[in-house]
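Numbering (this note's numbering), first residue to last: 188 to 690. We treat Cβ as the ideally placed atom computed from N, Cα and C, and that holds for glycine. Heads up: the structure comes next, in structure tokens.
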Amino acid sequence: MVTPSVLPILACLVPVLAGLLLLAFGANRRRACEIVALAVGAFLAGVAAWSAALAAQGAILVAWGNELRVDALSALVMLVVGVLGFLAIVYAIRYGDHGGMMDGAGMGGPARRPSVFYALVLLFLGTMMWATVTNNVVMLYVAVEATTLSSGLLVAFLWDRRALEAGYKYLILLTVGITFALLGCVVVYAAGAATGALTGSETLMLSRIREVAPLIPRPTALVAVALLIAGFGTKAGLVPFHVWLPDAHGEAPAPVSVLLSGVMIKVALYALARTISIFFPGIPQLAVFAVGLGCVTMVVGVVLALTQDDLKRLLAYSSVSQMGYVLAGVALGTYLGCYGGLFHVLNHAIVKSLLFMGAGAVVYATGTRRVSELGGLARRMPVTSACFLVGALAIAGFPPFNGFMSKLTIFLALARAGLWWAAVIAVVTSLLTMVALVRPVYRAFWAAPEGDAAPLAQVHEVPVALRVPMITLAALCLLLGVAPAIAYPLLHRAATVLAVLGP
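See below:
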């Protein structure tokens, strides 16, 4: 049921306009900036939740003709952006007191740092919303590239040598990588127009190009898919395009890491799935190739995570690995695979946001993020320790947490498709994920401090404003694990959008 709606417009314009206002008038007004950011974040969460509720009932929201279009797949990603964006803002308000983040020299100067930070966060959220609701294939590239510009400045926000280096690498590599996505989007547009079945603005609409995709010549489709994987795959952190990710996630302030790992790479993977799935019915072999790429990403990510002593870099490499699971599921093109992959998008967004908030809490309390310099934190930070453990168990796929259900669905989908080799790789990678995360969690929170551990006598639990978002996300991990049917109406319709190769 196609329904004209103002919600897609509001989801894009409100955060962007609010961000620009903060840049213009926010100097020396930290508290006002925080209130505006909170209000806009809550508004976005509400818009996303309402859009998701309508989409779960079968509604398709359109605006500006058909330029903006929210189906169940778009609504799922909107929900991730809106809810986690709001929680990240809540977390950032108190985290901003740490380490001179809001009052140090650097970007904007001490007087303008709060306004610049919250403006960039709102611009980041607005551009991610735009990427999820646009139905225009070229505007999809523009929106994804716009997220790079705002998030790149957030990566460098601490303005020290390491942050500037990470931000520079982030901007350069992603801008170069996403250029391939531009070329891919242009090929998709040109190929759709060349079929002669589309006229006028229809040639740019993804929903219409999907209908004529079987008419696109096979060589053209292969070129488009290769360019799209290289472009959007770079943004999603897929191997071998992942080299920017550990530096960016590691050096960014914790609230920004939450948005990068919990939200942004999901938006990039959404863009990839939305575009390449167009060609799966005509070239089903593409699905096998994409599943293989997902398996390589799984393995490389978890192997690199096993070697990390830096807690945030460990989580970053874990995100690389988990994006491999999502790609392997969605790339199957079957209903079961798409359902599992999209369920893992939702679950990983929740879990990894929780883990990066937990890592930020550790840095806030101890001043270090090196596992070897930690130990015995559970006695002094019981809430943070419990929440971090929930996240680690969930991402490793332990029942009764949410990661178990989505991973199990992906395993079953791979086996049902006859790709037993991929199913085995996915299971083994899950076991390695358990080792990669549970071992350092035990070392940091429950093992006794060793000789090189930092003095922890003065460490205490983080403020309640940092604990509330973590507790909320930990509760969601458990809720979606014991009652996964809660997400079924939306996930069912979202999976149906992508499932082009059968059940």
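Mind checking residue 215: buried by the 16 CB within 10 Å criterion, or exposed? exposed
Per-residue burial, residue 578 [other beta carbons within 10 Å of its own, 16 or more giving buried] | Label assigned to residue 578: buried.
_Between the CA atoms of residue 395 and residue 253 - distance to the nearest angstrom_ = 10 Å
Fill in: Whole-number beta carbon distance between residue 686 and residue 553, since they are thought to touch under 8 Å
With 8 Å as the limit, residue 553 and residue 686 do not qualify as a contact, their Cβ atoms being about 46 Å apart.
(Q) Check this for me: beta carbons of residue 232 and residue 206, under 8 Å apart or not? (A) no
What's the gap between the Cα of residue 689 and the Cα of residue 239? With a pLDDT of only 49 at residue 689, under 50, the local geometry of the prediction cannot be trusted, and the value read off the model is given with reservation. Rounded to whole angstroms, residue 689 to residue 239 spans 24 Å at the Cα level.
* **Close Cβ partners of residue 188 (< 7 Å) along its chain, the five nearest in sequence each way excluded** => 245, 246, 247
Query raised in the report: residue 472 to residue 416, Cα distance in whole Å?
Result: 15 Å
**Prompt:** Considering only residues of the same chain and omitting the five flanking positions on each side of residue 296, which have a CB-CB separation below 6 Å?
**Reply:** For residue 296, the predicted model reports a pLDDT of 48, less than 50, meaning its position is unreliable; a value from the coordinates is still stated below. Around residue 296: no qualifying Cβ.
| message | Which of the three DSSP states is assigned to residue 323 in this structure? | response | strand
Note to self: On the DSSP bridge list, what partners appear for residue 190?
What the structure shows: 248
Problem set entry | Among 478, 573, 439, the one whose alpha carbon lies nearest that of residue 664 | 573
Proximity of residue 568 and residue 648 at Cβ, strictly below 8 Å: Yes, the Cβ-Cβ distance between residue 568 and residue 648 is below 8 Å.
Task: Whole-Å CB distance - residue 613 paired with residue 524, under 8 Å assumed - done: At roughly 11 Å, the Cβ-Cβ gap does not stay under 8 Å, so residue 613 and residue 524 are not in contact.
Is it right to say residue 618 is buried, meaning 16 or more other beta carbons lie within 10 angstroms of its own, or is it exposed?
exposed
For residue 372, the nearest candidate out of 560, 676, 412 (CA to CA) = 412
Count Cβ pairs between the segment 355-375 and the segment 322-330 that sit closer than 8 Å; are there 3 or more?
yes
| query | Is the number of C-beta pairs between the segment 344-364 and the segment 431-443 that are closer than 8 Å three or more? | reply | Contact holds: three or more Cβ-Cβ distances are below 8 Å.
Which whole-angstrom value describes the C-beta separation of residue 506 and residue 489, a residue pair presumed to lie in contact below a C-beta threshold of 8 Å?
Wrong, their Cβ atoms sit about 11 Å apart, outside the cutoff.
Q) In this structure, does DSSP put residue 315 in helix, strand or coil? A) helix
_Less than 8 Å between the beta carbons of residue 450 and residue 318, yes or no?_
no
Using a Cβ-Cβ cut-off of 6 Å (strictly less than) and excluding sequence neighbours within five positions of residue 501, which residues of its own chain qualify? 492, 495
Could you please give me the residues that DSSP links to residue 392 through a beta bridge?
Beta bridge pairing from DSSP links residue 392 with 323.
So, under 8 Å CB-CB, residue 419 and residue 474 are touching, yes? Tell me the CB distance rounded to an integer number of Å. With a Cβ gap of about 17 Å, residue 419 and residue 474 do not count as contacting.
Checklist entry - If residue 234 sits next to residue 197, beta carbons under 8 Å apart, how far is it from one beta carbon to the other, in whole angstroms? => result 6 Å
Taking the C-alpha atoms as reference points, what is the distance between residue 515 and residue 218? It is roughly 44 Å from the alpha-carbon of residue 515 to the alpha-carbon of residue 218.
Do the segment 555-566 and the segment 591-599 make contact, defined as three or more Cβ pairs closer than 8 Å?
-> Segments in contact, no.
* To do: Could you round the C-beta distance between residue 224 and residue 243 to whole angstroms and report it? I think they count as a contact, below 8 Å.
  => Rounded to whole angstroms, the Cβ separation of residue 224 and residue 243 is 28 Å, and the two are not in contact under 8 Å.
### Message
By the DSSP assignment, the alpha helix (DSSP H) with residue 255 in it spans what residues?
### Response
Where residue 255 is concerned, there is no enclosing alpha helix (DSSP H), although the beta strand (DSSP E) it sits in stretches over 255-257.
Judging by CA-CA distance, which residue of 383, 344, 377, 338 is the nearest neighbour of residue 361?
338
Quiz prompt | Inter-residue Cα distance where the pair is residue 580 and residue 377 | solution = 46 Å
#### Entry: Completely contained alpha helix (DSSP H) runs for the segment 443-520, where each covers 4 or more residues
452-463, 472-493, 498-518
Exercise for the section: Confirm the yes/no value for this check: CB of residue 596, any heavy atom of the ligand HEM, distance under 7 Å. Expected result: The ligand HEM is not part of the structure shown, which contains no ligands of any sort.
query = Whose CA, out of 379, 551, 308, lies closest to the CA of residue 645?
reply = The shortest C-alpha separation from residue 645 is found at 551.
* Mind checking which residues open and close the alpha helix (DSSP H) that includes residue 367? => Element bounds for residue 367: 348-381.
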